[in-house]
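These protein sequence lines are chains A and B, in that order.
Per this note's numbering, the very first residue in the first sequence carries number 53; after that it's consecutive.
Per this note's numbering, the very first residue in the second sequence carries number 350; after that it's consecutive.
Remarks on the structure that follows.
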Amino acid sequence: MTGLVALLSFLAVLALLLILGDLIARGASSLDWSFFTKNPVPAGESGGGVANAIVGTAIIVGLAGLIGLPIGIGTGLYLAEYGSGRLGWIVRFVADVMNGTPSIVVGIFAWTWLVKPMGHFSALAGSMALAMLMVPMLARTTEEMVRLVPHSLREAALALGYPRWRTSLRVIARTALAGIVTGCLVGVARVAGETAPLLFTALGNLNFSTSVLQPMQTLSLQIYVYATGPFDEWHRLAWAAALVLMGLVLLLSLAARWAIRQRHGAAR
Amino acid sequence: MAPPADARLQLQTVRLTALYGRRAAVKDVSLLFPRHTVTALIGPSGCGKTTFLRCLNRMHELSEGGWITGKVLLDGEDVYDPSIDAIQLRRRIGMVFQRPTPFPTMSIYDNVAAGLRVNGGRPRAELDAAVEGALRQAALWDEVKDRLRHSALALSGGQQQRLCVARALAPEPDVLLLDEPTASLDPAGTQHIEELCHELKSRYTIVIVTHNLQQAARISDYTAFFYLGDLVELGRTEELFTKPTKERTEAYITGRFG
Chain A
53 MTGLVALLSF
63 LAVLALLLIL
73 GDLIARGASS
83 LDWSFFTKNP
93 VPAGESGGGV
103 ANAIVGTAII
113 VGLAGLIGLP
123 IGIGTGLYLA
133 EYGSGRLGWI
143 VRFVADVMNG
153 TPSIVVGIFA
163 WTWLVKPMGH
173 FSALAGSMAL
183 AMLMVPMLAR
193 TTEEMVRLVP
203 HSLREAALAL
213 GYPRWRTSLR
223 VIARTALAGI
233 VTGCLVGVAR
243 VAGETAPLLF
253 TALGNLNFST
263 SVLQPMQTLS
273 LQIYVYATGP
283 FDEWHRLAWA
293 AALVLMGLVL
303 LLSLAARWAI
313 RQRHGAAR
Chain B
350 MAPPADARLQ
360 LQTVRLTALY
370 GRRAAVKDVS
380 LLFPRHTVTA
390 LIGPSGCGKT
400 TFLRCLNRMH
410 ELSEGGWITG
420 KVLLDGEDVY
430 DPSIDAIQLR
440 RRIGMVFQRP
450 TPFPTMSIYD
460 NVAAGLRVNG
470 GRPRAELDAA
480 VEGALRQAAL
490 WDEVKDRLRH
500 SALALSGGQQ
510 QRLCVARALA
520 PEPDVLLLDE
530 PTASLDPAGT
540 QHIEELCHEL
550 KSRYTIVIVT
560 HNLQQAARIS
570 DYTAFFYLGD
580 LVELGRTEEL
590 FTKPTKERTE
600 AYITGRFG
C-alpha cells in the first residue's frame with residue numbers, strides 16, 4: 053500500500069519535474085538581458101524580447117488583484133460571519149458554480165459586457181475577467197480560513213463588549229490573516245497563467261503599452277501567439293516566456309508556503 | 350435609571366426562562382446575587398447552568414435560536430430593556446470561559462487592553478496603568494511584567510486563564526461571570542483561580558459555574574443547585590452542603606447521581 057501511494061505521488065511530482073525540466077532545457081538558453089528589456093521585433097527578424105508582456109502581466113494581474121481581492125475577501129468574511137441564511141446559501145452556491153466555470157466562458161462574458169460596450173479591447177477588461185475568476189476562489193478560501201478560527205474567540209470578544217463588526221475584523225479576520233494571505237497568493241498565481249479570458253479582452257499588443265484602456269500584452273498571450281506561429285525564432289521565445297511565467301507562479305506559490313509557515317510559527 | 354431597591358443587591362433574575370427555539374434550557378429561575386459575594390452554580394452537565402450564566406450578560410441571545418422570558422436586573426435596571434445596549438452591558442459584566450481564550454494575534458498587553466480600547470481611545474499612561482492594575486488583580490503581573498509585548502500564546506494554560514481574568518477585569522466591570530474557569534487547568538492553576546475569587550469578591554460580584562463540588566464549597570458564599578433547567582435549591586454554601594432541604598440536592602452532593 054505504502055509503495056503504491058509512493059509510486060502515485062512520484063508520478064505526480066514527475067509530471068511537474070518533466071515540465072519544468074523541458075522548459076529549462078528549451079527556454080533557459082534564450083533568457084538574456086534583452087529578453088527581459090526589449091520589445092518584440094517584427095516577424096522574421098531575430099532577437100527582441102518580451103518586456104511588454106512582462107510589464108503587461110504585472111499591470112493586468114495587479115489590477116485584477118486590486119479589484120478582486122477586496123471583493124473576494126469581503127464576500128468570504130460575509131459568508132463566514134453572516135452567511136447562515138438564505139442569502140448566504142445563494143452566494144455560496146453562485147461562488148461554487150463560478151469556481152467551476154471554464155475561464156473562456158468568463159472571457160466571453162467580459163467581452164460581451166465590457167469590450168463590446170467600450171468599443172475596443174482593453175487591459176482593464178482583461179483585469180475584470182481575471183478578477184471575476186479570482187473572486188469566487190478567494191471567497192471560499194477566506195470563508196474556510198475564517199471558519200477555522202475557534203468559536204470561543206468570537207465569544208470572548210463579544211463578551212468583552214466588542215461590536216460584531218469589530219469582532220469580525222479585529223479578532224477573527226486577524227487570526228485568520230495568514231490563511232487569507234495564502235489564499236490570495238494562490239488566487240493571484242492561478243490567474244497569472246490564464247490565457248483564455250484574456251484572448252477576448254486584453255487581446256495582446258506587439259508594442260509596449262501601459263494604458264489600461266488599450267489592448268495589452270501578457271506572457272500567457274505572448275506564449276499563445278508565439279507557440280502557434282510559424283517561425284522557429286518565435287518558438288524559441290515562447291519557451292523562454294513559458295519558463296518565466298512558470299517561475300513567476302512558482303515564486304508566488306513559495307510565498308504562499310512561507311505565509312503558511314508564518315502562521316504555524318505564530319501559533320506555536 | 351431607577352435607584353436600586355436594595356443597595357446590597359446587585360444582580361437579580363426574575364422568573365427567567367431561557368430557550369433555544371422552543372426548548373427551554375432554564376425554567377422560571379429567580380435568583381438574587383448580593384453585591385460582593387461569590388455564588389456558585391452547581392448541577393449535572395446540561396442542566397442549564399451555563400445557559401443561565403450567559404443570560405446575565407446577554408450572550409445567550411447570540412446562540413442559535415436563543416431567547417428569554419423574564420427579567421435580569423442589574424442594579425435594579427432590566428438589562429433586557431430595549432433602551433439597554435447589549436454591547437455596553439457586556440462591558441459592565443465581565444466573563445471568563447471554560448477554556449482560556451487569549452486573542453492569538455495580540456500581545457499580553459494588547460489582550461488586557463482589548464476591552465479598554467474597544468471603549469474608545471484613552472491616553473497611553475492611563476492605559477498602561479489600567480493594564481498593570483488588571484494584571485495585578487489577576488495575580489499575573491509579576492510573571493509577565495518583563496514580556497508584555499510577547500504573544501499571549503507563550504503563556505501556560507493557567508497563566509492564559511488568569512490573563513483572561515485580567516482582560517475581563519480591565520474595563521472595571523461590576524460583575525464577573527466565570528464559566529467553569531478551572532475545567533481545563535491543572536491543580537496549581539485551579540488553586541490560583543480559586544484564590545483569585547477570594548480576593549476579587551471584595552470588589553466584584555462573582556457568579557461561577559462549576560462541576561467541582563469541593564470548589565463550590567471552598568470559594569462560594571451561596572450555592573445554587575440546578576437540575577434539568579430548574580433551580581432546585583439555593584442556600585448559603587455551608588448550609589446547602591451540610592443540610593440540604595431538598596432530597597435531590599442531597600443525592601447530588603453526596604454523589605448518588607450526576
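Glycine included, C-beta positions come from ideal geometry on N, C-alpha and C.
Would you say proline 431 of chain B faces chain A, with C-beta separation under 9 Å as the test? Reading the second sequence from its first residue, position 82 is the one you call residue 431 of chain B. It does not: the Cβ of proline 431 of chain B has no partner Cβ on chain A nearer than 9 Å.
Proximity to tryptophan 209 of chain A [Cα-Cα], best of B:Val461, B:Gln564 and B:Gly506: Taking the first residue of the first sequence as position 1, residue 209 of chain A is located at position 157. Sequence inspection shows alanine at residue 209 of chain A; the tryptophan mentioned does not correspond to that position. That would be B:Val461, whose Cα lies nearest to the Cα of alanine 209 of chain A.
Could you give the residue range of the alpha helix (DSSP H) that holds threonine 234 of chain A? Numbered from 1 along the first sequence, position 182 holds the residue referred to as residue 234 of chain A. Its alpha helix (DSSP H) spans residues 229-244.
Nearest-angstrom Cα separation, counted from phenylalanine 145 of chain A out to arginine 439 of chain B: Residue numbering aside, residue 439 of chain B sits at position 90 when the second sequence is read from its first letter. Residue numbering aside, residue 145 of chain A sits at position 93 when the first sequence is read from its first letter. One C-alpha to the other measures close to 36 Å.
3 or more residues per run - each beta strand (DSSP E) lying fully within the stretch 436-469 of chain B: 442-445
Sheet register partners of isoleucine 557 of chain B (DSSP bridge): Locating residue 557 of chain B in the second sequence gives position 208, counting from the first residue. DSSP, once it has assigned bridges, lists B:Ala389 and B:Leu527 as partnering isoleucine 557 of chain B.
Arginine 498 of chain B burial status per 10 Å Cβ neighbour count (16 or more: buried): Reading the second sequence from its first residue, position 149 is the one you call residue 498 of chain B. Label assigned to arginine 498 of chain B: exposed.
Between the beta-carbon of alanine 175 of chain A and the beta-carbon of valine 264 of chain A, is there less than 9 Å? Locating residue 175 of chain A in the first sequence gives position 123, where the first residue counts as 1. Locating residue 264 of chain A in the first sequence gives position 212, where the first residue counts as 1. Against a cut-off of 9 Å, the Cβ pair of valine 264 of chain A and alanine 175 of chain A comes out as a contact.
Ends of the alpha helix (DSSP H) at alanine 479 of chain B? Residue mapping note: residue 479 of chain B aligns to position 130 of the second sequence, counting from 1. Alanine 479 of chain B -> alpha helix (DSSP H) spans 473-486.
The alpha helix (DSSP H) that contains valine 143 of chain A, what's its start and end? Reading the first sequence from its first residue, position 91 is the one you call residue 143 of chain A. That run of the alpha helix (DSSP H) goes 138-152.
Can you list the residues of chain B that tyrosine 52 of chain A reaches, using a CB-CB cut of under 7 Å? Nothing about residue 52 of chain A can be reported from this structure: the residues present for chain A run from 53 to 320 only.
Can you name, in chain order, every residue of its own chain whose Cβ lies under 6 Å from the Cβ of valine 233 of chain A, other than the five neighbours on each side? The residue given as residue 233 of chain A occupies position 181 in the first sequence. The residues are Ala311.
Apply the 10 Å Cβ neighbour rule to valine 65 of chain A and answer buried if 16 or more other Cβ atoms are within range, or exposed otherwise. The sequence position of residue 65 of chain A within the first sequence is 13, counting from 1. Exposed, because fewer than 16 other Cβ atoms sit within 10 Å of the Cβ of valine 65 of chain A.
Expected contact under 8 Å - CB spacing of isoleucine 346 of chain B and leucine 526 of chain B to nearest Å: The first residue shown for chain B is 350 and the last is 607, placing residue 346 of chain B beyond what the model contains.
Going by the beta-carbon positions, is the gap between leucine 289 of chain A and valine 102 of chain A smaller than 9 Å? Position 237 of the first sequence, counted from the start, is the residue given in the question as residue 289 of chain A. Position 50 of the first sequence, counted from the start, is the residue given in the question as residue 102 of chain A. Yes, these two residues count as a Cβ contact at 9 Å.
Between A:Ala294, A:Thr227, A:Ala162 and A:Leu212, which lies nearest to alanine 248 of chain A when the distance is taken from Cα to Cα? In the first sequence, residue 248 of chain A corresponds to position 196, counting from 1. The shortest C-alpha separation from alanine 248 of chain A is found at A:Ala162.
For asparagine 561 of chain B, which residues in chain A fall below 8 Å Cβ to Cβ? Mapped onto the second sequence, residue 561 of chain B falls at position 212. In chain order: nothing, as chain A lies at least about 20 Å away.
Is there at least one Cβ from chain A nearer than 9 Å to arginine 437 of chain B's Cβ? Position 88 of the second sequence, counted from the start, is the residue given in the question as residue 437 of chain B. With the sequence shown as reference, residue 437 of chain B is identified as glutamine, and arginine is not the correct amino acid for it. Yes, glutamine 437 of chain B counts as interfacial toward chain A.
Buried or exposed for glycine 538 of chain B, please, with buried defined as at least 16 other CB atoms from any protein chain shown within 10 angstroms of its CB. Taking the second sequence and counting its residues from 1, the one referred to as residue 538 of chain B is at position 189. The residue is buried, with at least 16 neighbouring Cβ atoms inside 10 Å.
Pull out every residue of the stretch 200-227 of chain A whose Cβ sits closer than 7 Å to any Cβ of chain B, in chain order. Ser204, Leu205, Glu207, Ala208, Leu210, Ala211, Leu212, Gly213, Tyr214, Pro215, Arg218, Val223, Arg226 and Thr227
Contacting residues, own chain, Cβ-Cβ under 8 Å from isoleucine 156 of chain A (five flanking each side not counted): Locating residue 156 of chain A in the first sequence gives position 104, where the first residue counts as 1. These residues qualify, in order along the chain: Ala248, Pro249 and Leu251.
Verify the CB distance criterion: does valine 514 of chain B have a CB-CB separation below 9 Å to chain A? The sequence position of residue 514 of chain B within the second sequence is 165, counting from 1. By this cut-off, valine 514 of chain B is not an interface position.
Going by C-alpha to C-alpha distance, which of B:Arg552, B:Pro593, B:Asn561 and B:His560 sits closest to threonine 386 of chain B? As a working mapping, residue 386 of chain B is identified with position 37 in the second sequence. Nearest of B:Arg552, B:Pro593, B:Asn561 and B:His560 to threonine 386 of chain B, Cα basis: B:Arg552.
Quick one: grab the DSSP three-state call for phenylalanine 382 of chain B. The residue you call residue 382 of chain B lines up with position 33 of the second sequence. Three-state DSSP puts phenylalanine 382 of chain B in a strand.
Run down chain A in chain order and give the residues with a C-beta less than 9 Å from the C-beta of valine 467 of chain B. For the purposes of this step, residue 467 of chain B is taken as residue 118 along the second sequence, with counting starting at 1. Neighbours of valine 467 of chain B on chain A, chain order: Ala209, Leu212, Gly213, Tyr214, Pro215, Arg218 and Arg222.
Start and end residues, beta strand (DSSP E) containing glutamine 266 of chain A: Against the first sequence, residue 266 of chain A aligns to sequence position 214. No beta strand (DSSP E) contains glutamine 266 of chain A, which DSSP labels as neither H nor E.
Counting only Cβ pairs nearer than 7 Å, list the residues of chain A close to alanine 463 of chain B. To locate residue 463 of chain B, count along the second sequence from 1; it is residue 114. Within 7 Å Cβ-Cβ: Leu212.
Would glycine 578 of chain B pass as a contact of leucine 534 of chain B if the rule is Cβ separation under 9 Å? Mapped onto the second sequence, residue 578 of chain B falls at position 229. Mapped onto the second sequence, residue 534 of chain B falls at position 185. For glycine 578 of chain B and leucine 534 of chain B, no; Cβs fall outside 9 Å.
Which same chain residues end up closer than 6 Å to valine 328 of chain B when comparing Cβ atoms and leaving out the 5 residues on each side of it in sequence? Missing from the structure shown is residue 328 of chain B; chain B here goes from 350 to 607 and no further.
Closest to proline 202 of chain A by C-alpha separation, out of A:Gly159, A:Thr227 and A:Gln269, would be which residue? Looking up residue 202 of chain A in the first sequence gives position 150. The residue with the shortest Cα to Cα distance from proline 202 of chain A is A:Thr227.
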